[in-house]
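In what follows, a single structure is set out as structure tokens and then discussed.
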């Protein structure tokens, strides 16, 4: 196996009582794209943190390029061996520009004119992977939308200066990308592997795993449970291997609403256009189009009731959970109950027993993987943190729920449960306004609005929510 | 027993109490037991003033990075001056005096947040500059004052029940109230949430502006209480009466285990830290240390406690 780019034998990792990795064997050949799938908390992210040197394994062996690693395996050592990672929680420094972030990983960019060389390097790579990306190397990261940040981080991982580029780990790389940029990335992965670089692709979107990978490994409960050539897997066999049933349900028809159903939200984007968004009681409204074209701004406009006619309480489910969602110092329970504190008051004080009960109820309903809701929120994997944010909103008294691309990093089994829950809650009269970067998810919406340059350019009925029509509307210059 | 010890070790406030206890034991070992309780009683009396403004500072600092109230000394002075002037040594005017002093302090809090919110001035600059305005007001209003507090007020400020100062009991009640507020009210939770992540707090339905506003007003209000009781305690208001409380309020917050980055408050820690700082000075005085040595050792000891507590906090 001399062509092995990297190899793990019997790697274990425990966090206190939680065994995140229970003896993993994994190898990636040079020039191979390995797809890695599994539920939230299956150990994928932990495994990648071990590979990248951020975590030291409790047991097991690691070899890179056929040579066994004996000394300390650190992030610097991994970097020097040509291993790069793009993690789910993005790791760019928000107060620096794109070019300055490139300098952080490339120490050889020094001396006079390093900024220019860093800019040229990243611009060339962005142009290669994402033609028409619209990112300038001088842009400060904090000013970029999350999709663009992810593009910058991905491009940075593929840049080469003096060190070798052996393996790039992409953990949910398309979660914040729209359909077009995601396609560009997947095409680039094929180009890059043809040049001999190995790629590990982690994704909950089975379509892209099946189409891009050469080989697929399935993880469950900290172990690898299946491994086959990608062409030997089908969508259903892959889902079965992960240990859950495939529910490829497409909602048959849109809900037929009577004329007496009240309009709860009516808002025209402040950013332009003449078309207004309208949501009636019990509807699930999708917001789509290319990422970063005003969908999130629309949600925030509705949330702050700024030039928006809104009837009823609102709850917001963040997609960018680090900056918009979770409270790092708090327990899972407190993160869930914060939106409901007013309702939990008894005689002016929060009823702690009722608070605990609410947290427990929603932990069970959302199947949040934790032994105790009093554990800190950061003990959860990314997908489970996201479930806590769902619990926060769904457990509240809100009549209108705004969702800002909330399914990032959530596994397929959980997604199906959440979709079903959204449908059930909509039937009970809750209204959902749902920005999503995954076109598949629009099938769960009754209607959708397509955004372009801050304007609503089209309004599509349920039957028109196909990839083809949505993309067509996304690129159309005027309303269809 | 073992379990409760492990629990105790994890509480960041334990360190400040342990340090206070250690300093007290060293002092009485040196004096061979002389004045052991007298030192404690004195410590409680003096620490009371630091504790009340420390609680206000704690709430402000907990609302997140950059938030700090530097106008505490000036507000103490203003409140003391207003109280003494309105009371004018008459027992009948005590209540109006208290109301006027607390009203003035509350106005300071409103003014501070006005500067921060409406003029978008960073809190550190806003409260510093408002200090000058407040102090000038106090000087011109209380020109040449040497007014003694009415007798009942100074009696209250110096009274003791079984050796425990009455003012300490008042501040204990306020502290317990504040601990309950932090744990069990929407306002308290909002302070903690805003301090961790202002944007997430807003998106979770908290009223960020109202929370920050109430917190700056609360801090000024506590400074007002401090000013009134301190005037009663020390026989009148003086223009430099608040001076020492700027550093003291911030130091108690930091030593007491409240997170300087915001989002985590610690009421018992304020008590431990204030007692520690007073007892430390007492100990050094007992040793006959010169002023210079006293300052250096105080600084080193404070660093020591923070390192001990901080080391335990990291996970």
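Residue numbers (my numbering), protein chains in the order written: chain A, 289 to 768; chain B, 20 to 334.
Where a beta carbon is used, it is the ideal one built from N, C-alpha and C, also for glycine.
Within 8 Å, strictly: CB atoms of residue i and residue j
| i | j | result |
| --- | --- | --- |
| residue 758 (chain A) | residue 727 (chain A) | yes |
| residue 171 (chain B) | residue 110 (chain B) | yes |
| residue 320 (chain B) | residue 46 (chain B) | no |
| residue 213 (chain B) | residue 161 (chain B) | no |
| residue 300 (chain A) | residue 366 (chain A) | no |
| residue 605 (chain A) | residue 677 (chain A) | yes |
| residue 513 (chain A) | residue 314 (chain A) | no |
| residue 436 (chain A) | residue 582 (chain A) | no |
| residue 273 (chain B) | residue 325 (chain B) | yes |
| residue 57 (chain B) | residue 294 (chain B) | no |
| residue 124 (chain B) | residue 243 (chain B) | yes |
| residue 210 (chain B) | residue 81 (chain B) | yes |
| residue 254 (chain B) | residue 36 (chain B) | no |
| residue 218 (chain B) | residue 612 (chain A) | yes |
| residue 104 (chain B) | residue 158 (chain B) | no |
| residue 285 (chain B) | residue 275 (chain B) | yes |
| residue 720 (chain A) | residue 744 (chain A) | no |
| residue 72 (chain B) | residue 232 (chain B) | no |
| residue 375 (chain A) | residue 459 (chain A) | yes |
| residue 486 (chain A) | residue 355 (chain A) | no |
| residue 464 (chain A) | residue 696 (chain A) | yes |
| residue 120 (chain B) | residue 148 (chain B) | no |
Neighbouring residues, chain A, relative to residue i (Cβ below 9 Å)
| i | result |
| --- | --- |
| residue 109 (chain B) | Neighbours of residue 109 (chain B) on chain A: none; closest Cβ ~37 Å, over 9 Å. |
| residue 204 (chain B) | 629, 633, 636, 637, 638 |
Distance between beta carbons of residue j and residue i, contact taken as under 8 Å
| i | j | result |
| --- | --- | --- |
| residue 69 (chain B) | residue 267 (chain B) | 5 Å |
| residue 671 (chain A) | residue 699 (chain A) | 6 Å |
| residue 722 (chain A) | residue 665 (chain A) | Between residue 665 (chain A) and residue 722 (chain A) the Cβ distance is about 24 Å, and since that is not below 8 Å, they are no contact. |
| residue 625 (chain A) | residue 643 (chain A) | 5 Å |
| residue 234 (chain B) | residue 79 (chain B) | 6 Å |
| residue 281 (chain B) | residue 84 (chain B) | 6 Å |
Limits of the unbroken beta strand (DSSP E) element including residue i
| i | result |
| --- | --- |
| residue 507 (chain A) | 503-508 |
| residue 303 (chain A) | 292-303 |
| residue 605 (chain A) | 602-605 |
| residue 344 (chain A) | Note, residue 344 (chain A): premise wrong, no beta strand (DSSP E); not H, not E. |
| residue 645 (chain A) | Per DSSP, residue 645 (chain A) belongs to no beta strand (DSSP E); it is in the alpha helix (DSSP H), 640-653. |
Chain B contact residues for residue i, given Cβ-Cβ distances below 8 Å
| i | result |
| --- | --- |
| residue 569 (chain A) | Ordered by position in chain B, no residue passes the 8 Å Cβ test against residue 569 (chain A), which lies about 20 Å from the chain. |
| residue 774 (chain A) | Outside the shown range of chain A (289 to 768) lies residue 774 (chain A), about which nothing can therefore be said. |
| residue 734 (chain A) | Near residue 734 (chain A) there are no residues of chain B at all, since even the closest Cβ is about 25 Å away, more than 8 Å. |
Amino acids of chain B, ordered along the chain, whose beta-carbon sits closer than 7 Å to that of residue i
| i | result |
| --- | --- |
| residue 604 (chain A) | 222 |
| residue 612 (chain A) | 218, 219, 222 |
Of the listed residues the options, nearest to residue i (C-alpha basis)
| i | options | result |
| --- | --- | --- |
| residue 372 (chain A) | A:393, A:382, A:388 | A:393 |
| residue 428 (chain A) | A:434, A:405, A:385 | A:385 |
| residue 596 (chain A) | A:723, A:565, A:375 | A:565 |
| residue 763 (chain A) | A:576, A:382, A:600, A:449 | A:576 |
| residue 144 (chain B) | B:155, B:131, B:153 | B:131 |
| residue 332 (chain A) | A:449, A:488, A:455, A:408 | A:488 |
| residue 227 (chain B) | B:246, B:206, B:241 | B:206 |
| residue 674 (chain A) | A:734, A:657, A:337 | A:657 |
| residue 60 (chain B) | B:203, B:257, B:184 | B:184 |
| residue 438 (chain A) | A:486, A:616, A:389 | A:389 |
| residue 517 (chain A) | A:585, A:310, A:731, A:323 | A:323 |
| residue 407 (chain A) | A:718, A:571, A:449 | A:449 |
| residue 530 (chain A) | A:326, A:549, A:495 | A:326 |
| residue 731 (chain A) | A:737, A:713, A:751 | A:751 |
| residue 629 (chain A) | B:313, B:155, B:208, B:296 | B:208 |
| residue 442 (chain A) | A:426, A:451, A:477, A:422 | A:477 |
| residue 548 (chain A) | A:584, A:570, A:410, A:760 | A:570 |
| residue 598 (chain A) | A:556, A:492, A:709 | A:556 |
Interface residues of chain A facing residue i [CB-CB closer than 7 Å]
| i | result |
| --- | --- |
| residue 282 (chain B) | 617 |
| residue 216 (chain B) | 615 |
| residue 208 (chain B) | 626, 629 |
| residue 212 (chain B) | 615, 626 |
Range covered by the alpha helix (DSSP H) that runs through residue i
| i | result |
| --- | --- |
| residue 245 (chain B) | 227-252 |
| residue 140 (chain B) | Premise fails: residue 140 (chain B) is in no alpha helix (DSSP H) and is neither H nor E. |
| residue 96 (chain B) | 91-106 |
| residue 214 (chain B) | 205-215 |
| residue 416 (chain A) | 402-417 |
| residue 387 (chain A) | 386-393 |
Where residue i meets chain B, residues with beta-carbon distance less than 9 Å
| i | result |
| --- | --- |
| residue 680 (chain A) | 223 |
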